[in-house]
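Notes for the one structure printed next.
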Ligand code: SF4
Ligand code: SF4
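In our numbering, the protein residues as written are 18 to 492.
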């Protein structure tokens, strides 16, 4: 048996060392700018029909009034969050958290079922990048024209086109920042203040912060956000199974790839359906070649499907060389529409939606908080009656002005002295000081439980809270 370790001569020359050093430091691969080709097709229409309602919703909601205030409004100074008819108070924070958790589970369920449709069709990064790409094509022309323009030396034409593109980008970015801040501060005033250069320092900071982020992410970074910054892109593969929808190239049908004329008998030439035209690569916003197999860079936008279908139509071949499919379908294995993972996510989602809806429907529209004055056990009036003092906080959680009546029960003959009738504006919180008074001979025990009630004038809402009434020792 040969037990010697083979030795190899090492080249210690300066050139070799320098080469190793250069290779060792050359870890960073320069980003190649992606020039996407414009494409039309079925999935482009779907993207249009899903993207536009989202965009319109985002830009218009702060302008649409609901009960005299913006339909979605996060009123931080008054600590109230309004979403259409619903108002959330600081105590409802758990409900706001529930909305986020429900949204997350909806996303998990859809991802297990339909793959990265969120990334491809509805993610703000995708939608805003599409707007910025449209502006780029409008200002600088088609893919080839843009590539030529970037290579060309500076000229008046180049300067004008670049200026137009960046002006459009900045316009969309500022509008995006303004709208975002409009969810926290009334947008009509905000817009006026922006136009008259009269913004407060925080409003100005946040508008320009979000404008800058939009300009940078959608204009410059684009696919880099999906590839390197988005945490969801990293862990969503955990939700995938072999029956999740993916965008995939069919190598059985496509290979061997190669150019040919439409009239050629390509099968006799040993070729598959892929004409190697590179259209699927040129339209891809992340710059990958889907023919290399399933890749984490693929955001399932289906642009390559539209691009390839166009080529298949031109060649007179059947569509679907690149298509939405599943790993099982690609391998001719049995597909499963209903899977344990999907059922699990779906069941949790339905349970949470039902629980959330019931909680919202059974929410009190009125809140009461009572503090008994603990500085003295009890007091005595000039008539010799026993009195206890209480501070009540009453909050009107409805969207209308309400009248309320305060009453107390628990001891016969106990009466309230102070403001027992209130009128509160929507969302108003008021503090009321009340004295509960009783003649000493009517007090059955020295320490008794009593209950305060706040009832709306039309009897539609009532809340109560218990407290104690303390008097002198009774023998
Ligand atoms: S490979 Fe196709 S589906 Fe994936 S990102 Fe590129 S164009 Fe979109
Ligand atoms: S678009 Fe279709 S035919 Fe053209 S290279 Fe891509 S897979 Fe092949």
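Virtual Cβ for every residue (Gly too), placed ideally from N, Cα, C.
Where residue i sits in the DSSP three-state scheme
| i | result |
| --- | --- |
| residue 87 | strand |
| residue 427 | coil |
| residue 351 | coil |
| residue 394 | coil |
| residue 95 | coil |
| residue 82 | strand |
| residue 479 | strand |
| residue 150 | helix |
| residue 55 | coil |
| residue 167 | helix |
| residue 144 | helix |
| residue 243 | helix |
| residue 304 | coil |
| residue 231 | helix |
Distance between residue j and residue i (C-alpha atoms, nearest Å)
| i | j | result |
| --- | --- | --- |
| residue 277 | residue 358 | 45 angstroms |
| residue 484 | residue 469 | 8 angstroms |
| residue 356 | residue 149 | 39 angstroms |
| residue 266 | residue 339 | 4 angstroms |
| residue 489 | residue 122 | 58 angstroms |
| residue 479 | residue 68 | 45 angstroms |
| residue 327 | residue 263 | 20 angstroms |
| residue 251 | residue 367 | 26 angstroms |
| residue 187 | residue 418 | 43 angstroms |
| residue 131 | residue 296 | 25 angstroms |
| residue 400 | residue 383 | 35 angstroms |
| residue 471 | residue 438 | 9 angstroms |
| residue 153 | residue 50 | 13 angstroms |
| residue 486 | residue 442 | 31 angstroms |
| residue 482 | residue 450 | 15 angstroms |
| residue 374 | residue 147 | 35 angstroms |
| residue 75 | residue 196 | 8 angstroms |
| residue 207 | residue 78 | 15 angstroms |
| residue 93 | residue 201 | 7 angstroms |
| residue 424 | residue 84 | 31 angstroms |
| residue 224 | residue 311 | 39 angstroms |
| residue 19 | residue 286 | The predicted model places residue 19 with a pLDDT of 47, which falls under 50 and marks its position as unreliable; any figure quoted below should be read in that light. Going from the Cα of residue 19 to the Cα of residue 286 covers about 51 angstroms. |
| residue 491 | residue 460 | 9 angstroms |
Boundaries (first-last residue) of the beta strand (DSSP E) holding residue i
| i | result |
| --- | --- |
| residue 435 | 432-435 |
| residue 323 | It is not in any beta strand (DSSP E) - residue 323 instead sits in the alpha helix (DSSP H) that spans 320-332. |
| residue 388 | 383-389 |
Among the options, the one whose alpha carbon lies nearest that of residue i
| i | options | result |
| --- | --- | --- |
| residue 388 | 350, 422, 467 and 400 | 467 |
| residue 253 | 126, 465 and 392 | 126 |
| residue 129 | 92, 65, 256 and 63 | 256 |
| residue 119 | 442, 472, 371 and 147 | 371 |
| residue 259 | 192, 351 and 223 | 351 |
| residue 429 | 462, 75, 180 and 449 | 462 |
| residue 422 | 397, 379, 475 and 209 | 475 |
| residue 61 | 141, 385 and 318 | 318 |
| residue 300 | 324, 167, 70 and 101 | 324 |
| residue 211 | 230, 378 and 191 | 191 |
| residue 53 | 272, 452, 391 and 321 | 321 |
Per DSSP, cross-strand counterpart(s) of residue i
| i | result |
| --- | --- |
| residue 467 | 484 |
| residue 264 | 341 |
| residue 473 | 421 |
| residue 100 | 89 and 103 |
| residue 404 | 396 and 454 |
| residue 410 | 386 and 448 |
| residue 438 | 422 |
Residue i Cβ short of 7 angstroms to ligand 4 heavy atom set
| i | result |
| --- | --- |
| residue 281 | Because ligand 4 does not appear in the structure shown, any question about it cannot be addressed here, the ligands present being ligand 1 and ligand 2. |
Limits of the alpha helix (DSSP H) - the one that residue i falls within
| i | result |
| --- | --- |
| residue 198 | 173-199 |
| residue 205 | 204-212 |
| residue 357 | 357-378 |
| residue 257 | From DSSP, residue 257 is part of no alpha helix (DSSP H); its letter is neither H nor E. |
| residue 77 | 59-77 |
| residue 248 | 248-252 |
| residue 493 | Given a span of 18 to 492 for the chain in the structure shown, any question on residue 493 remains unanswerable. |
| residue 136 | Where residue 136 is concerned, there is no enclosing alpha helix (DSSP H), given that its DSSP letter is neither H nor E. |
| residue 297 | 296-299 |
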